[in-house]
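Let me begin by presenting the structure, written as structure tokens, before commenting on it.
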Amino acid sequence: MSYLPCKNQASVGIDLGVKTLAVLSNGSFVESPRPLKKLQKKLTKLSRQLSKKQHSRKKGDTTPKSNNYKNFTIKIAKLHKKIADIRRDILHKFTTYLTDNFKYISIEDLNVKGMMSNHKLARSIQDLGFYQLKRQLEYKSKQKGNKLFINDRWFASSKTCCQCGNHKKDLTLADRTYYCDECQLKIDRDLNASINLHNQLGRVHPEVTPVEITAMNLEAGLLNLTSIIEAGSKHRIKSIA
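Just so we're aligned: the sequence shown equals residues 19 to 259 in the numbering used here.
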């Protein structure tokens, strides 16, 4: 199979998250599908019903499973497949969009294993498929001749002001808007992080000139950002580049 190289010389920084799957430095974003969270109630209900379909077994018990038990097992398997299909669909379309429209791509090296150890985040992290997203970006970039830069996981993209470089140590996960005490910049925290990741491209690829930062001074929240995922089960990608 042959792949057409990316002809667009544009560059982009991408901040990945849980509440929003990705925020791009050009002001666009992708909502988190999180199908597992939406279908979790149904999955939990089926699992509880399944546990009642079989008597308690002791070691060596060879009692055949009932047809009812087998049917519930099939239902649960189909639900897991549905979740996986939704995740695979949106990740494939998103990574294809990125590698088709941006020659230079900058992302953060998320510590997925460490994030999974947080039981409050584990299910969401698993559902979003960060590892799959990174893997797809790597092989699609290689196929199309893109330049993928993975930043050090300790790079403080969220706590650094994208306009003046000031470091805000007291920024917490609850702070959705970044207020800079030095230059008074007010910007969505994820957009701020994505711009910082984009600016890092200038270090490794001098030919990349970061966009004018002052043009991206957005107000709080994601109200002024543009979603690149159209509504609907197909998760179609809008053409905005």
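A virtual CB, placed ideally from N, CA and C, is assigned to each residue, including glycine.
Leucine 42, DSSP secondary structure in three states: Strand, per DSSP.
Span separating the alpha-carbon of leucine 236 from that of isoleucine 205: Note that leucine 236 scores 39 on pLDDT, short of 50, meaning its location in the model is unreliable and no value can be drawn from it.
Segment limits, beta strand (DSSP E) that includes serine 124: For serine 124, the uninterrupted beta strand (DSSP E) run begins and ends at 122–126, by DSSP.
Proximity of serine 124 and asparagine 169 at Cβ, strictly below 8 Å: Yes. Within cutoff.
Own chain partners of threonine 178 with C-beta closer than 6 Å, once the 5 adjacent residues on each side are dropped: Taken in chain order, the residues that qualify are His185 and Asn214.
Integer-rounded CB distance, given that phenylalanine 148 should sit under 8 Å from glutamine 218: That belief does not hold up - the Cβ atoms of glutamine 218 and phenylalanine 148 are roughly 19 Å apart, past 8 Å.
Three or more C-beta pairs below 8 Å linking the segment 110–127 and the segment 153–161: At 8 Å Cβ cutoff, the stretches touch.
Length of the line joining the Cα atoms of lysine 56 and serine 29: Distance between the alpha carbons of lysine 56 and serine 29 is about 34 Å.
Proximity winner among Cys201, Cys182, Lys121 and Asp208, relative to histidine 223 (alpha-carbon distances): Nearest neighbour of histidine 223 by Cα position, chosen from Cys201, Cys182, Lys121 and Asp208, turns out to be Lys121.
Inter-residue Cα distance where the pair is glycine 183 and valine 36: When rounded, the distance between both Cα atoms is 25 Å.
Backbone CA spacing between leucine 189 and alanine 174 [nearest angstrom]: The alpha-carbon atoms of leucine 189 and alanine 174 are separated by roughly 11 Å.
Closest by C-alpha distance to leucine 64, when choosing among Leu109, Leu97, Leu203 and Gln154: Of the listed residues, the one whose Cα sits closest to leucine 64 is Leu97.
Length of the line joining the Cα atoms of isoleucine 94 and leucine 61: Rounded to the nearest angstrom, the two C-alpha atoms are 7 Å apart.
Cutoff 8 Å: serine 43 Cβ touching any chain C Cβ: You won't find chain C in this structure, because it holds only one protein chain.
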